[in-house]
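What follows is a short report on a single structure.
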């Protein structure tokens, strides 16, 4: 799936600002850094995961990567402090059992630079027209357009654009 993702985004991410929510192994954020991303912010709420991510960043000498221990929803509820905090690429792979996709997508638009893309992994196809628009954070449900979609085994992957 990683190869598909970077074919969709383009192989060269030079100058792009990336946000890896629910970073987990950090594979996508670290791959973005290796492809020239200007900055990569990796978030995860699990202390052990964050320690492992920081160790990987140090070993790889990925100076443009910042790892933060924080709940992704709490992070997104803080408004960005200016355009320089807005991102071009978001990697979104929330724990499927928690059903966070709609809540995260409702909070994401203020963080997006013009033309930003969101890579979403889910256990079911994401269909914006039938998503849960009753998420408490969504007073005005944002509009998302699915640019690309695919499936690999049990994982559905999507490239989204805020419309």
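Residue numbers (the working numbering): 874 to 1036.
C-beta: ideal position from N, C-alpha, C; glycine also.
Here the structure is a predicted model, which means the values were calculated and not measured.
Distance between residue j and residue i (C-alpha atoms, nearest Å)
i	j	result
residue 912	residue 906	7 Å
residue 962	residue 998	20 Å
residue 908	residue 1023	23 Å
residue 981	residue 928	28 Å
Residues that DSSP places opposite residue i in a beta bridge
i	result
residue 914	892 and 939
residue 992	964 and 1032
Exposure of residue i, with buried meaning 16 or more beta-carbon neighbours within 10 Å
i	result
residue 932	exposed
residue 1018	exposed
residue 972	exposed
residue 930	buried
residue 957	exposed
residue 921	exposed
residue 1006	Any reading at residue 1006 needs caution, since the residue's pLDDT is 40, under 50, leaving its predicted position unreliable; the model's value is listed next. That one is exposed.
residue 934	exposed
residue 916	buried
residue 1020	exposed
residue 1000	exposed
residue 887	exposed
residue 1025	exposed
residue 952	exposed
residue 967	buried
Three-way DSSP call (helix, strand, coil) for residue i in this model
i	result
residue 999	coil
residue 909	coil
residue 1018	strand
residue 985	strand
residue 1023	strand
residue 955	coil
residue 980	helix
residue 819	It is not possible to answer for residue 819, since the shown part of the chain is limited to 874 through 1036.
residue 950	helix
residue 974	helix
residue 897	coil
residue 883	coil
residue 924	helix
residue 945	helix
Among the options, nearest to residue i - alpha-carbon criterion
i	options	result
residue 893	1026, 918, 971 and 1027	918
residue 891	959, 928, 924 and 883	959
residue 936	990, 902, 952 and 969	902
residue 977	988, 987 and 995	995
residue 987	1036, 897, 965 and 914	1036
residue 985	942, 927, 955 and 1030	955
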